[in-house]
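Residue numbers (my numbering): 27 to 312. Even for Gly, the Cβ is constructed at its ideal location relative to N, Cα and C. Keep in mind it's a predicted model, so treat the numbers as computed, not measured. Scroll down for the structure; my scribbles are underneath it.
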Amino acid sequence: MSQSPDGGTTIAELRRRVDEIDMRLHQALMERAEIEAVIQSAVDPAVTSASFFDPERDAESVRQMVERHEGVLPLATVEHIWRDIICACTNLKAEAVIYLDGGAELIEMLDLARFYFGFSVELDPCSDAADVVDAVGLSDGAIGIVALNDRAELPWWRGLSDSGALVRARLPFVMQDDRPSDLPALVLAKTGSLVDNADVAVYDARWSDLLPGKLMDQGIEVLSFFRSANGVDALLAISGELTEEDVLKACTDAGAEPDVLRQVGGYATPIDGDAGDEFGGGESQG
């Protein structure tokens, strides 16, 4: 009987231990799914379809996973497994649909969607980001993924509102060098009201002239912008602790008081998976 390289436990014994661990993992997965099914049965059917995506709870779960992670298994691998388990269990009855931004590379969008939401959900590519906004706003429980580009081809965020789709998450959530599925994107979901406790608040801002000033000096990140003959539209990110009046003042102090400023969502602060620290909310990330 062969022995392990250190001359201790035999290979056969180690493989038996692996089999035992696999069995416990399987049993734990089944137990988790059963509990999720009980939770979903206890929830009002009118809101069950929206329970598939709970960005605040998901973010906290992944934060805890990153904090306790150690060992030889790559963090990205554990993150993907974790996300797949969460989504598979919470999608038991929801039968969620994810609308994809067709203006981005389809392969990259598919990789991103599968990495974060697994293989148990339906994926539906749309023609562009604006169509994703419309589709999510018209569907109960659906979510959308929009690629995040510095210069947008159209100001798709104008369609976001508190009666329809809102920005609810930012991807990647765990930031690492050379990570898989690293396409920058925003996750949209339909909700009846703005989430007022998000780490980072997202605003639709518009100017009738060229965008002046230095917004980054005021802790404002320009997620994306669109320039036309009529002026500039921008999607801004800033600390969720600030009120809309505070944000307006920050823009004014930067010499960029907008003609329109309205909140269109928020998200949890991404985690630096290499350093183990979170990025500061609302500050530029690259």
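Query, Result
"Which value, in whole angstroms, describes the spacing of the CA atoms of Asp300 and Glu86?", "18 Å"
"Considering only their Cβ atoms, is the gap separating Ala191 from Val228 smaller than 9 Å?", "no"
"Return the chain-ordered list of same chain residues with a C-beta closer than 6 Å to the C-beta of Asp208, the five sequence neighbours on each side being excluded.", "Pro198"
"Where in the stretch 232-303 do unbroken runs of the beta strand (DSSP E), each at least 3 residues long, occur, reported from the N-terminal end onward?", "247-254, 257-265, 286-293"
"By DSSP, does Ala156 sit in helix, in strand, or in coil?", "helix"
"For the alpha helix (DSSP H) that Ala114 lies in, which residues bound it at each end?", "101-116"
"So does the stretch 168-187 actually touch the stretch 264-276, counting three or more Cβ pairs closer than 8 Å?", "no"
"In three-state terms, what does DSSP make of Glu148?", "strand"
"Reducing DSSP to helix, strand and coil, say where Arg43 ends up.", "helix"
"In terms of residues, what are the limits of the alpha helix (DSSP H) holding Ala85?", "81-94"
"Across the stretch 221-240 and the stretch 260-269, are there enough close Cβ pairs to call them in contact, namely three or more that are closer than 8 Å?", "yes"
"Hey, Val147 and Ile124 are a contact pair by Cβ (cut 8 Å); roughly how many whole angstroms apart?", "5 Å"
"Using beta-carbon positions only, say whether Glu230 and Gly257 come within less than 9 Å of one another.", "At residue 230 the sequence reads Asp, which differs from the Glu that was named. Cβ distance not < 9 Å, so Asp230 and Gly257 don't count as in contact."
"In chain order, what residues of the same chain have a beta carbon less than 7 Å from the beta carbon of Ala211, not counting five sequence neighbours either side?", "Leu138, Ile171, Val172, Ala173, Leu174, Leu197"
"Buried or exposed, going by whether 16 or more other CB atoms sit within 10 Å of the CB of Leu214?", "buried"
"Check the C-beta distance from Asp259 over to Pro181 and give it rounded, since I have them as a contact under 8 Å.", "4 Å"
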